[in-house]
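Enquirer:
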Amino acid sequence: MRKRTTGLLALAATAALTLSACSGAEVGGSGGGDDASPTGSAGGDSIRIGIKFDQPGLGYQDGDQYTGFDVDVATYVANELGYSADQIEWVEAPSAQREQLLQTGQVDMIFATYSITDERKQVVSFAGPYFVAGQDLLVAADNTDITGPESLNGKNLCSVTGSTSAQRIKDEYAQDVNLLERPGYSECVTALTGGQVDAVTTDDIILAGLAATPANAGKLKVVGNPFSEERYGVGIPQDSDQCQAINDAIAKMIEDGAWEEAVTTNTEGTGYTPNAEMNPPSQDACA
59 MRKRTTGLLA LAATAALTLS ACSGAEVGGS GGGDDASPTG SAGGDSIRIG IKFDQPGLGY
119 QDGDQYTGFD VDVATYVANE LGYSADQIEW VEAPSAQREQ LLQTGQVDMI FATYSITDER
179 KQVVSFAGPY FVAGQDLLVA ADNTDITGPE SLNGKNLCSV TGSTSAQRIK DEYAQDVNLL
239 ERPGYSECVT ALTGGQVDAV TTDDIILAGL AATPANAGKL KVVGNPFSEE RYGVGIPQDS
299 DQCQAINDAI AKMIEDGAWE EAVTTNTEGT GYTPNAEMNP PSQDACA
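Printed below as a string of structure tokens:
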């Protein structure tokens, strides 16, 4: 029987942070030394892992500290592969750069709310999934007009370049919605709070973390009407031999309770409830 996630997930480690702290992060920037290089095999000197730097509760950078659910899962998996926490070099992996980072060897793997899609499988491989989210909408707290994608007609909407969320709007709602694309989530939230757009769209767990930051608490809300299924995978190069080892690590994390603890800790206080029918997920067979 599938476990049910009982906790509401996160921001404990990022409660005092604001989105502005990450807006100047360098694309592809590393949390480790400049002379480090990807190892490509378990048990080496270091491992480079791509994460988001601007997603509170998932992947968030504050100085030399990295927090969030993706960070916790990545740390657990890396440990199972033979790397201690201090051997991990965190690399910023913006949505539009993830495939490039893997293809050029700038990272060994990516944990960055990276939805598994057939299109992406043409150029990279995936292990997982390790979480299932759903696309939703973030609006002003007093907004009553937007209740779901069907109410976006004529509205201005912001999403992140290279994300499945932006592509879904282009594919399914292009005639009804004015889409503004930005490189990161902080820029979309700034556009929303500044009145440039009516809503921000991405995965519900991401939006919950953004809405719960001290800067946005009480000002923004998640609509709560998800309209997709986003299966978060671990991005790896197509020639990687680590898929099964990563899947085994994820399965172990779920089985020993560390997965649920990470979910609960990182979304506590956001009001977010994971879809218990889909979480925790089973991992796909490796190709």
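Just so we're aligned: the sequence shown equals residues 59 to 345 in my numbering. Note that the Cβ used here is the ideal one computed from N, Cα and C, for glycine as well.
(1) Got a sec? Which residues, its chain only, sit under 7 Å from THR171 by beta carbon, not counting five neighbours each side?
(2) Could you pull the start and end residues of the beta strand (DSSP E) that CYS246 belongs to?
(3) LYS277 and ALA345 - do their beta-carbons sit closer together than 8 Å?
(4) Could you pull out every residue in the same chain whose Cβ sits closer than 8 Å to the Cβ of THR175, ignoring the five residues on either side in sequence?
(5) Under a three-way DSSP split, which group does GLY117 fall into?
(6) Label GLU84 either buried or exposed according to how many other C-beta atoms from any shown protein chain fall within 10 Å of its C-beta, with 16 as the threshold for buried.
(7) Can we say the segment 295 to 305 touches the segment 233 to 244, given the rule of at least three CB pairs closer than 8 Å?
(8) Need the endpoints of the beta strand (DSSP E) that ASP262 sits in, please.
(9) If you compare alpha carbons, which of ARG106, VAL321, GLU147 and ALA316 is closest to GLY163?
(10) Spell out the partners DSSP gives LEU237 in its beta bridges.
(11) Do you know offhand how far THR64's Cα is from THR322's?
(12) So who's on the other strand from LYS310, going by DSSP bridges?
(13) Count the other CB atoms within 10 Å of the CB of GLY91; is the residue buried (16 or more) or exposed (fewer)?
(14) I need the DSSP call for GLN158, collapsed to helix, strand or coil.
(15) Determine contact between the segment 236 to 254 and the segment 211 to 219, defined as no fewer than three beta-carbon pairs at a distance below 8 Å.
(16) To the nearest angstrom, how far is it from the Cα of ILE227 to the Cα of ASN201?
Expert: Reading from the atomic positions:
(1) If you number the sequence shown from 1, residue 171 lands on position 113. Here the set comprises LYS110, GLN113, LEU116, ASP128, ASP261, ILE264 and TYR290.
(2) Translated into the one-based positions of the sequence shown, residue 246 becomes position 188. From DSSP, CYS246 is part of no beta strand (DSSP E) but of the alpha helix (DSSP H) over 243 to 251.
(3) Here residue 345 is taken as the residue at index 287 of the sequence shown, counted from 1. Here residue 277 is taken as the residue at index 219 of the sequence shown, counted from 1. Their beta carbons are not under 8 Å apart, which means ALA345 does not touch LYS277 by this criterion.
(4) As a first step, residue 175 is located in the sequence shown; it is residue number 117 there, counting from the start. Counting only Cβ-Cβ distances below 8 Å, and skipping sequence neighbours, we find THR222.
(5) As a position in the sequence shown, residue 117 is number 59, starting the count at 1. Strand at GLY117.
(6) Counting from 1 along the sequence shown, the entry for residue 84 is found at position 26. Any answer about GLU84 is weak, because its pLDDT of 37 lies below 50 and its placement is not dependable; what the coordinates show is given next. GLU84 is exposed by the Cβ-count criterion.
(7) No, the segment 295 to 305 is not in contact with the segment 233 to 244.
(8) Position 204 of the sequence shown holds residue 262. No beta strand (DSSP E) contains ASP262, which is instead part of the alpha helix (DSSP H) from 262 to 269.
(9) By one-based count along the sequence shown, residue 163 stands at place 105. Answer by Cα proximity: ARG106.
(10) The residue you call residue 237 lines up with position 179 of the sequence shown. Its beta-bridge partners are LEU215.
(11) Here residue 64 refers to the residue found at position 6 when the sequence shown is read from its first residue. Here residue 322 refers to the residue found at position 264 when the sequence shown is read from its first residue. Any reading at THR64 must be qualified, since the residue scores a pLDDT of 36, below 50, and its modelled position is unreliable; the value itself is stated next. In a straight line, the C-alpha of THR64 is about 8 Å away from that of THR322.
(12) Here residue 310 is taken as the residue at index 252 of the sequence shown, counted from 1. Partner residues in a beta bridge of LYS310, as assigned by DSSP, do not exist.
(13) Here residue 91 refers to the residue found at position 33 of the sequence shown. Confidence in GLY91 is poor, its pLDDT being 37 and thus under 50, which makes the residue's placement unreliable; the coordinate value appears in the next sentence. With fewer than 16 other Cβ atoms within 10 Å, it is exposed.
(14) Translated into the one-based positions of the sequence shown, residue 158 becomes position 100. Note: GLN158 maps to helix in three-state DSSP.
(15) When C-beta atoms of the segment 236 to 254 are compared with those of the segment 211 to 219, three or more pairs fall below 8 Å, so the two segments count as touching.
(16) Locating residue 227 in the sequence shown gives position 169, counting from the first residue. Locating residue 201 in the sequence shown gives position 143, counting from the first residue. Using only the alpha carbons, I get a separation of about 20 Å.
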